[in-house]
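> Numbering-wise (the working numbering), the sequence shown opens with residue 1190 and increments by one.
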Amino acid sequence: MSGKKKGKFIPHNQVMSRNKVEEEKVNITPPITDFKKSGMDVTQINIIDLPSKFMPYPEGAVIKYRPYYYSEIRNHDSSKNLTYREEVDFVLAGIYTSFPAYDLTVSDFAFINLLRRISNIGNYDISAKYRCKKCGNIVSSVFKAMNILVDYLGVPKLPVMVEFSNGKKYAFNPLTIGSYIELKEEGFKNKAIAMVSKCCVNAEYGEVYEFLDHITDASDAMLVEHLDNLLYHSVKPMPVKCSYVNKEYFAKDGWSADKLRSMTSSSVIDKQILELFKQYDINFTEGTSMVKYACEDLIKKMALVKEEPCGFTNYLELEGGDVFLGPFCNTGELIKTRVCYGL
Ligand SMILES: [Zn+2]
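1. Please specify which runs of the beta strand (DSSP E), each continuous and at least 3 residues long, are wholly inside the segment 1309-1375, giving them in chain order.
2. Looking at residue 1323 and ligand 1, is the gap between the Cβ and the nearest heavy atom below 7 angstroms?
3. What whole-angstrom Cβ distance do residue 1499 and residue 1431 have, given they're in contact under 8 angstroms?
4. With distances taken from CA atoms, which of 1377, 1246, 1303, 1241 is nearest residue 1277?
5. Could you give the DSSP three-state label for residue 1389: helix, strand or coil?
6. Less than 8 angstroms separating the beta-carbons of residue 1377 and residue 1420?
7. When you compare the CB positions of residue 1240 and residue 1296, do they come within less than 8 angstroms of one another, or not?
8. Could you name the residues of the same chain whose beta carbon sits closer than 8 angstroms to that of residue 1445, not counting the 5 residues immediately before and after it, in chain order?
9. Taking the DSSP output, what are the residues bridged to residue 1504?
10. Just the C-alpha distance for residue 1506 and residue 1321, rounded to the nearest angstrom, thanks.
11. Under the DSSP definition of a beta bridge, which residues are partnered with residue 1155?
12. Provide the residue span of the alpha helix (DSSP H) that contains residue 1242, from first to last.
13. I want to know whether the segment 1458-1475 touches the segment 1401-1415 - three or more CB-CB distances under 8 angstroms.
14. Under the DSSP definition of a beta bridge, which residues are partnered with residue 1438?
15. Taking the alpha helix (DSSP H) that residue 1458 falls in, what are its first and last residues?
16. What do you get for residue 1405, buried or exposed, if any count of 16 or more other CB atoms within 10 angstroms of its CB means buried?
17. Confirm, please, whether the CB-CB distance from residue 1273 to residue 1253 is below 8 angstroms.
18. Quick one: give me the first and last residue of the alpha helix (DSSP H) that residue 1301 is part of.
19. Please determine, among 1258, 1386, 1392, the residue with the shortest C-alpha to C-alpha distance to residue 1414.
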């Protein structure tokens, strides 16, 4: 995904190839089909696993969340020009933490937001809308929340202590959402350096930024890159197959799909067409407005349409970006069984 170059600082969220990589299926609180029976409070879903493995948080830390209310989603969609902090606060409003919520790492925050968006009673199928990288069409794919993979934080202990060539020792923790908000609000010259500097927990941000911005030693530069690898943890992109089917119409037996279709706009039905209806056993009553449908039927039966599925495997970044994840997905069946007419 990213063009990783030697000696260049790459922010956490852009580095895809990792040497450690502890890729595993993340534990998600199982789907609950009936909250009343299970005795669970719908507003309090306990988080049992995180990309950071809870490592940056105090011992025994508790994190819970509730699904979005439908009204929240509707109101949010219509509101505009929210600042980044307001966007984050909107998400945090449904997350309970036993420590300051701004101390959540950026990746954990994104992961919990993902859980919030997909959580729905008895439904852990995720419906994602995205633009296919091969055919360019906007398509939807459905996948199971249980199949989400994460790259866990791979260090044995935090903070990570780094000794630079000038003898300075800096301690680093993963970037928190609070620090990231500050960065966005303060502005910065070099995003990658700014993000690493904000992770330092034993020196002032300005001092670390100045130091890292003026590194000349190649080993120091590599050390920073290694540090970025060590602090990395994230939800892995989800592979999904493009569902777009390209329909190609072509001629057969002297007929073309276009010619057949042009008949549908005419009030007079060609005798030859009527013959074809009979030949292909298509139910058609003259005098009705069913010509269009009969012709579509005919086109299909004459095999004038060639269907070519795209089937390209796209990798969806689940932490935001281009993918829109519906908060209330695949509820069609549920709705059908719960709506009736008349008393
Ligand atoms: Zn496609």
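Glycine residues also receive a C-beta, built at the ideal position from the N, C-alpha and C atoms.
Nothing here was measured: the structure is a model prediction, and the numbers come from that model.
From the atom records:
1. 1314-1320, 1327-1333, 1338-1340, 1349-1352, 1358-1361
2. yes
3. 4 angstroms
4. 1303
5. strand
6. No; because the gap between Cβ atoms is not below 8 angstroms, this pair is not in contact.
7. yes
8. If we look at residue 1445 and ignore the five residues flanking it on each side, its Cβ neighbours are 1438, 1439, 1493.
9. 1428
10. So the two alpha carbons sit approximately 13 angstroms from each other.
11. Because the chain spans 1190 through 1532 in this model, residue 1155 falls outside it and cannot be assessed.
12. Where residue 1242 is concerned, there is no enclosing alpha helix (DSSP H), given that its DSSP letter is neither H nor E.
13. Three or more beta-carbon pairs separated by less than 8 angstroms are not found between the segment 1458-1475 and the segment 1401-1415, which leaves the two stretches without contact.
14. 1494
15. Counting along the chain, residue 1458 falls outside any alpha helix (DSSP H), and DSSP gives it neither H nor E.
16. exposed
17. no
18. 1295-1307
19. Taking only the C-alpha atoms, the option nearest residue 1414 is 1386.
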